[in-house]
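A.B. asks:
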């Protein structure tokens, strides 16, 4: 059991949270929720021992192992896959190396009665007690089993980690976590930049192999599938729900309704007492009663009502100009980089108004196909846009293409047309740009903020073909809901690449699967494909 006791974080006169206490039990699967800036990542770093709180602390049994997977992986690109995974045992290897070095010193030193000699003996004794208490493990074999269980082949082991995509890098990091056999796993946005197959594997691992888990994620399906408890960070406090995310939303709604009722009753009582004080403040016979009520009001703790976004913004795309019957066509297309074949003899015809999804593991060619459609790379065969196709393209690096010298407001105002211009501030607010934020220069924004701004910009451009490559990374759940509703009402053609299953559901009627150097067309909704694929994938990924 790990205990979080009276935790507080303050900086620059601002209190992020205070007097926060809760317990993490052995097999808890916890979702850490709250709006951006509430302090979720800070709390996770404190639990991981990477940040020091202003007050309070973390208590846990001796030798408790806590493993942390940050949003941004810190993998060393100079290492091979097997070298990086073996870092899980760095502490064990270091212990063994130190013992060997100290034993060599004991063999050569002759100052048997000195304090230094006795310190070496004590250190060797302490190290030996820890080292030989460990179970006898063939560490190389353990690394091999973990990596193969995560989908790596023997040929991958000696490849540089720099050759692998974000999803496969996450698997290397997870291999290290698996090998450590931690008591608590901390995951901060683990599904960003990860393909659906990786997410399915991660769910299976966390549910069946892991002990306690705390996860921060904007992937609703992922959080719902793995958690049985939700901790909400709100207005400097933490609320504990014995429920998964969807159930927590219902309970939070009830809690806020009760808070609002109590707040309204308290405000009425305050108003009644102030009226009484004002009425009788000069009456001698009521002086004691007036003074008593004043003291009561001064000592009263005002009930707070949790923050909630009550706006009902509905964003709609401008009407699409009419395109030809088939705005995207691919015939007998092949793409290779040297001897490495991405896919061959691919065919697809995407009709006007059709909504399709590209799915498959990272590295199978989804983004490559999009770049070919956009005319950004060379290829063999035929691939391109049809008559009068006006494309809105959101690439994974879209944020880097914004003009750093413009303000947030100017960036959106430059593309907005018609009545939508009157809603710019509301639209930006829905994507977490509020108040004075909209006058910030794009150049000072974080990567996540730029991604959100690029999405807003795209949503306002009059197009008839939308191509979105991983559009939901860095977006919170409400922003994703706004985008999803807009896409469902979009009357043009949609090509969508996303690992977010909850976002994908209900958005496409056809699936193109990129697998084994082929592009396979599935005449079924993304919902049906994901359900069938989940069952098959779990069988294939069983550890």
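Numbering (full-length UniProt numbering), first residue to last: 1 to 543. From the three backbone atoms N, C-alpha and C, an ideal C-beta is built for every residue, glycine too.
(1) Can you list, in chain order, the residues of its chain with a C-beta nearer than 7 Å to that of residue 277? Leave out the 5 residues immediately preceding and following it.
(2) Going along the chain, which residues of its own chain have a beta-carbon closer than 8 Å to the beta-carbon of residue 99, five neighbours each way excluded?
(3) Once DSSP output is grouped into helix, strand and coil, what is the label at residue 112?
(4) Taking only runs that begin and end inside the stretch 363 to 407, name each unbroken alpha helix (DSSP H) of 4 or more residues, in chain order.
(5) Determine the contact status of residue 331 and residue 382, defining contact as a CB-CB distance below 9 Å.
(6) Output needed for residue 344: all residues of its chain with C-beta closer than 7 Å, excluding positions within five of it in sequence on either side, in chain order.
(7) Please classify residue 6 as buried or exposed, where buried requires at least 16 neighbouring CB atoms within 10 angstroms.
(8) Using only alpha-carbon positions, find the residue among 531, 327, 405 that is nearest to residue 495.
(9) Can you tell which of 176, 196, 242 has its C-alpha closest to the C-alpha of residue 210?
(10) Give every residue of the same chain whose Cβ lies closer than 8 Å to the Cβ of residue 421, excluding the five residues on either side of it in the sequence, and list them in chain order.
(11) Are the beta-carbon atoms belonging to residue 38 and residue 16 less than 9 Å from one another?
(12) CA-CA distance, residue 407 and residue 62?
(13) Which term fits residue 241, buried or exposed, when burial requires 16 or more other beta carbons within 10 angstroms of its beta carbon?
(14) Which of the three DSSP states is assigned to residue 499 in this structure?
(15) Identify which residue in 171, 199, 159 has its Cα closest to the Cα of residue 530.
(16) What three-state label does DSSP hand residue 504 in the structure shown?
(17) Taking only beta-carbon positions, decide if residue 274 is within less than 9 Å of chain C.
(18) For the candidate residues 221, 116, 97, whose alpha-carbon lies nearest to that of residue 500?
(19) From residue 79 to residue 492, what distance separates their C-alpha atoms?
(20) Can you name, in chain order, every residue of its own chain whose Cβ lies under 6 Å from the Cβ of residue 312, other than the five neighbours on each side?
(21) Can you find the residues in the same chain that come closer than 7 Å, C-beta to C-beta, to residue 253, ignoring five residues on each side of it along the sequence?
(22) Pick out whichever of 369, 213, 378 has its Cα sitting closest to the Cα of residue 184.
(23) Classify residue 521 as helix, strand or coil using the three-state DSSP reduction.
(24) List the whole-angstrom C-beta distance separating residue 409 from residue 514, where the pair is believed to meet the contact cut-off of C-beta under 8 Å.
(25) Tell whether a beta-carbon distance below 9 Å holds between residue 431 and residue 455.
(26) Leaving out five residues on either side along the sequence, give the residues of the same chain with a beta carbon under 7 Å from the beta carbon of residue 9.
(27) Ends of the alpha helix (DSSP H) at residue 83?
(28) I believe residue 1 touches residue 30 by the beta-carbon criterion, under 8 Å. Please report the beta-carbon distance rounded to the nearest angstrom.
(29) Taking only runs that begin and end inside the stretch 223 to 274, name each unbroken beta strand (DSSP E) of 3 or more residues, in chain order.
(30) Under the rule that 16 or more other beta-carbon atoms within 10 Å means buried, what is residue 337, buried or exposed?
(31) Please name the residue in 139, 122, 519, 508 whose C-alpha comes closest to that of residue 354.
(32) Residue 127 bridges to which residues according to DSSP?
(33) Which residues does DSSP list as the beta-bridge partners of residue 326?
(34) Would you kindly work out how many angstroms separate the C-alpha atoms of residue 196 and residue 396, rounded to a whole number?
(35) Within the same chain, show all residues whose beta-carbon is closer than 6 Å to that of residue 443, passing over the 5 residues directly before and after it, in chain order.
(36) Work out the CA separation of residue 156 and residue 65 for me, nearest whole Å.
C.D. replies: This is what the structure holds:
(1) For residue 277, where only same-chain residues beyond five positions count, the Cβ hits under 7 Å are 290, 293, 294.
(2) Contacts found: 124, 127, 128, 131.
(3) Correct three-state label for residue 112: coil.
(4) Listed in chain order, they are 366 to 373.
(5) Result yes, Cβ atoms of residue 331 and residue 382 sit closer than 9 Å.
(6) Annotation for residue 344: 334, 517 place their beta carbon closer than 7 Å to its own, counting only its chain and skipping 5 residues before and after.
(7) Answer is exposed; the Cβ neighbour count stays below 16.
(8) Closest by alpha carbon: 327.
(9) Check the Cα spacing between residue 210 and each of 176, 196, 242: the tightest is with 176.
(10) Closer than 8 Å at the Cβ level, and outside the excluded window around residue 421, lie 413.
(11) Yes. Within cutoff.
(12) Going from the Cα of residue 407 to the Cα of residue 62 covers about 52 Å.
(13) Counting C-beta atoms within 10 angstroms of its own C-beta, residue 241 has 16 or more neighbours from the protein chains shown and is therefore classed as buried.
(14) Correct three-state label for residue 499: coil.
(15) Looking at the Cα atoms, 199 is the closest of the given residues.
(16) Note: residue 504 maps to helix in three-state DSSP.
(17) The displayed structure is made up of one protein chain only, and chain C is not part of it.
(18) Of the listed residues, the one whose Cα sits closest to residue 500 is 221.
(19) Taking the straight line joining both Cα atoms gives about 46 Å.
(20) Only weak support exists for where residue 312 lies, its pLDDT of 45 falling under 50; the value from the coordinates is given anyway. Excluding residues up to 5 positions away in sequence, nothing lies with its Cβ nearer than 6 Å to the Cβ of residue 312 in the same chain.
(21) Cβ neighbours of residue 253 beyond the five flanking positions: none.
(22) For the residues 369, 213, 378, the minimum Cα distance to residue 184 belongs to 213.
(23) Residue 521: strand per DSSP, three-state reduction.
(24) Taking the Cβ atoms as the reference, residue 409 lies roughly 39 Å from residue 514, outside the contact range of under 8 Å.
(25) Contact flag set, yes.
(26) Cβ neighbours of residue 9 beyond the five flanking positions: 16, 17, 39, 42, 53, 54.
(27) 81 to 86 is the span of the alpha helix (DSSP H), which, as asked, contains residue 83.
(28) A Cβ-Cβ distance of about 13 Å is found for the pair residue 1 and residue 30, leaving them out of contact under the 8 Å criterion.
(29) When DSSP assignments are scanned along the stretch 223 to 274, the uninterrupted stretches of beta strand (DSSP E) that are 3 or more residues long and fall wholly within it turn out to be 229 to 234, 237 to 241.
(30) With fewer than 16 other Cβ atoms within 10 Å, it is exposed.
(31) Cα-wise, what sits closest to residue 354 is 508.
(32) When beta bridges are read from the DSSP output, residue 127 appears opposite no residue.
(33) Partner(s): none; residue 326 has no beta bridge.
(34) Computed Cα separation, rounded: 16 Å.
(35) In the same chain as residue 443, and ignoring 5 residues on each side of it, the C-beta atoms closer than 6 Å to its own belong to 404, in chain order.
(36) Distance from the CA of residue 65 to the CA of residue 156, rounded to the nearest whole angstrom, comes to 28 Å.
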